[in-house]
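Trainee: What follows is a structure written as structure tokens; I'll ask about it next.
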Amino acid sequence: FAAHFVNTVSPTFLKEIVDGQHAFVEPHIRREIVNKWFADCATGIINAPDPGFDPTVDPHLTTNYGPDTFVEGKQKNKIELQESLGLIRDETAPVFFWPSRLDPAQKGCQLLADILYQIISQHWDRNLQIVFVADGPFQPVFRDIARFHRFEDRIAICNFDERLEHRAYAAADFVLMPSLFEPCGLPQMIGPIYGTLPVAHDTGGIHDTIKHLNTAAGEGNGFLFENYDAGGLLWAMNEAMSFYVQPEEVKTRQIRRVMEFASDTFHYDNTAQQYIELYEKMLERPLIVST
Numbered sequence: 556f557a558a559h560f561v562n563t564v565s566p567t568f569l570k571e572i573v574d575g576q577h578a579f580v581e582p583h584i585r586r587e588i589v590n591k592w593f594a595d596c597a598t599g600i601i602n603a604p605d606p607g608f609d610p611t612v613d614p615h616l617t618t619n620y621g622p623d624t625f626v627e628g629k630q631k632n633k634i635e636l637q638e639s640l641g642l643i644r645d646e647t648a649p650v651f652f653w654p655s656r657l658d659p660a661q662k663g664c665q666l667l668a669d670i671l672y673q674i675i676s677q678h679w680d681r682n683l684q685i686v687f688v689a690d691g692p693f694q695p696v697f698r699d700i701a702r703f704h705r706f707e708d709r710i711a712i713c714n715f716d717e718r719l720e721h722r723a724y725a726a727a728d729f730v731l732m733p734s735l736f737e738p739c740g741l742p743q744m745i746g747p748i749y750g751t752l753p754v755a756h757d758t759g760g761i762h763d764t765i766k767h768l769n770t771a772a773g774e775g776n777g778f779l780f781e782n783y784d785a786g787g788l789l790w791a792m793n794e795a796m797s798f799y800v801q802p803e804e805v806k807t808r809q810i811r812r813v814m815e816f817a818s819d820t821f822h823y824d825n826t827a828q829q830y831i832e833l834y835e836k837m838l839e840r841p842l843i844v845s846t
């Protein structure tokens with residue numbers, strides 16, 4: 556109420572609050588944000604990943620790489636990760652990476668649990684693999700599924716570890732973010748920097764940073780599903796797999812483009828500039844002094 560301006564960590568999340576899409580935002584908070592919105596005193600500025608997420612210099616990687624060397628670089632990192640986690644050693648195997656905490660209230664863990672057996676079985680001959688580097692209450696559910704179906708050489712479930720997180724971004728082909736809501740999100744920005752394409756629910760900050768890939772038009776940087784259910788996630792993962800089996804020259808061209816765009820876009824300079832512009836706008840607003 557007393558603020559000159561209110562800022563959220565993405566424009567779409569701000570609009571979702573204004574539209575009343577999130578029950579966890581208390582009514583009196585939403586009312587003040589709505590008032591600020593209609594007074595043109597509310598904005599959303601996307602966060603940026605830590606600059607340490609850079610595959611060209613990342614000290615945690617087996618092999619560093621950039622947009623021009625990612626094919627060989629990612630293959631070497633994939634083999635190293637597979638060997639260290641006891642997964643099938645196969646540089647051609649598609650690897651999906653889960654980087655977010657295993658929180659069923661927000662992160663969509665149950666959607667993946669519902670289709671885990673199906674997606675592994677559907678792409679069995681390609682040795683599809685899923686790597687979790689995340690803590691959270693849903694972790695035992697995935698451990699039970701992997702143990703029951705004897706998928707331990709196709710599914711790795713690891714506690715969060717910063718070094719392992721970096722290695723997984725470099726080794727994986729896709730990063731999973733089926734979040735119910737996402738105020739901003741960082742994994743969907745970090746992944747493309749490493750040539751790892753997001754498979755994500757179209758919400759909040761994800762909507763502001765990821766567009767569905769269209770190879771024919773040379774546009775987009777991930778795979779989005781709109782309906783928040785297991786079927787939506789399954790569709791998006793199969794869209795990712797359809798891309799994965801494209802000719803190598805097609806994949807290489809698109810991933811290089813995505814990496815270059817991500818490196819140019821998702822960094823502190825862009826975020827800082829938006830904050831500077833916001834502060835300058837705030838200074839232009841006249842101060843009302845009561846008498």
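Here my numbering is used: the first residue of the sequence shown is 556, the next is one more, and so on.
C-beta atoms are modelled at their ideal positions from N, C-alpha and C, and glycine is treated no differently.
Whole beta strand (DSSP E) runs in the stretch 591-679 with 3 or more residues, listed along the chain?
Mentor: Whole beta strand (DSSP E) segments, 3+ residues: 597-599, 650-653.
Trainee: Excluding sequence positions up to five away, which residues of its chain have a Cβ less than 8 Å from the Cβ of Asn619?
Mentor: The residue you call residue 619 lines up with position 64 of the sequence shown. Correct list, in chain order: Pro610, Thr611, Val612, Asp613, Gly628.
Trainee: Return yes when the Cβ of Gly740 is within less than 8 Å of the Cβ of Ile761, no when it is not.
Mentor: In the sequence shown, counting from the first residue as 1, residue 761 sits at position 206. In the sequence shown, counting from the first residue as 1, residue 740 sits at position 185. Yes, the pair counts as a contact, with Cβ atoms nearer than the cut-off.
Trainee: With H, G and I counted as helix, E and B as strand and the rest as coil, what does DSSP make of Phe568?
Mentor: Residue mapping note: residue 568 aligns to position 13 of the sequence shown, counting from 1. Helix at Phe568.
Trainee: Helix, strand or coil: which one does DSSP assign to Ala711?
Mentor: Sequence index remark: in the sequence shown, residue 711 carries index 156 (1-based). DSSP places Ala711 in strand when its eight states are reduced to three.
Trainee: Can you tell me whether Glu835 is helix, strand or coil according to DSSP?
Mentor: Along the sequence shown, read from residue 1 onward, the residue named residue 835 stands at position 280. Correct three-state label for Glu835: helix.
Trainee: Where does Ile685 fall in DSSP's three states?
Mentor: Counting from one through the sequence shown, the residue named residue 685 turns up at place 130. Ile685: strand per DSSP, three-state reduction.
Trainee: Going by DSSP, what residue range makes up the alpha helix (DSSP H) through Leu768?
Mentor: On the sequence shown, residue 768 is found 213 positions in, with the first residue counted as 1. Here Leu768 belongs to no alpha helix (DSSP H), and DSSP marks it neither H nor E.
Trainee: Name the residue from Cys596, His583, Met744, Glu794 whose alpha carbon lies nearest to the alpha carbon of Met814.
Mentor: The residue labelled residue 814 in the question sits at position 259 within the sequence shown. Minimum Cα distance to Met814 is reached at Met744.
Trainee: Is Gly746 near Thr567, with beta carbons less than 8 Å apart?
Mentor: The sequence position of residue 746 within the sequence shown is 191, counting from 1. The sequence position of residue 567 within the sequence shown is 12, counting from 1. Contact: no.
Trainee: What does the alpha-carbon distance come out to for the pair Gly599 and Pro606?
Mentor: Here residue 599 corresponds to residue number 44 of the sequence shown, with the count starting at 1. Here residue 606 corresponds to residue number 51 of the sequence shown, with the count starting at 1. The straight-line gap from Cα to Cα measures roughly 21 Å.
Trainee: Please classify Phe778: is it buried, with 16 or more other beta-carbons within 10 angstroms of its beta-carbon, or exposed?
Mentor: Here residue 778 refers to the residue found at position 223 when the sequence shown is read from its first residue. Its Cβ being crowded by 16 or more others within 10 Å, Phe778 is buried.
Trainee: Count Cβ pairs between the stretch 670-685 and the stretch 643-651 that sit closer than 8 Å; are there 3 or more?
Mentor: With the cut-off at 8 Å, the stretch 670-685 and the stretch 643-651 touch.
Trainee: Is the stretch 717-733 touching the stretch 631-647, taking contact as three or more C-beta pairs under 8 Å?
Mentor: Result yes; three or more Cβ-Cβ pairs closer than 8 Å.
Trainee: Going by C-alpha to C-alpha distance, which of Phe697, Leu838, Ala558, Asn602 sits closest to Asp658?
Mentor: Here residue 658 refers to the residue found at position 103 when the sequence shown is read from its first residue. Of the candidates Phe697, Leu838, Ala558, Asn602, the one whose C-alpha sits nearest the C-alpha of Asp658 is Phe697.
Trainee: Do the stretch 581-599 and the stretch 790-801 touch if we need at least three Cβ pairs shorter than 8 Å?
Mentor: Segments in contact, no.
Trainee: Would you say the beta carbon of Gln829 is closer than 7 Å to some non-hydrogen atom of the ligand FAD?
Mentor: This structure simply doesn't include the ligand FAD, nor any ligand for that matter.
Trainee: Starting from Val754 and walking both ways along the beta strand (DSSP E), at which residues does that stretch end?
Mentor: Residue 754 sits at position 199 when you count from the first residue of the sequence shown. Segment 752-756, the beta strand (DSSP E) holding Val754.
Trainee: Give me, in chain order, the residues of the same chain whose beta-carbon lies closer than 7 Å to that of Asp716; leave out the 5 immediate sequence neighbours on both sides.
Mentor: As a first step, residue 716 is located in the sequence shown; it is residue number 161 there, counting from the start. Same-chain partners within the cutoff: Val688.
Trainee: With a threshold of 16 other CB atoms inside 10 Å of the CB of Gly641, please say whether the residue is buried or exposed.
Mentor: Here the question's residue 641 lines up with position 86 in the sequence shown. Its Cβ having fewer than 16 others within 10 Å, Gly641 is exposed.
Trainee: Once DSSP output is grouped into helix, strand and coil, what is the label at Leu788?
Mentor: The residue labelled residue 788 in the question sits at position 233 within the sequence shown. If DSSP states are grouped into helix, strand and coil, Leu788 belongs with the helices.
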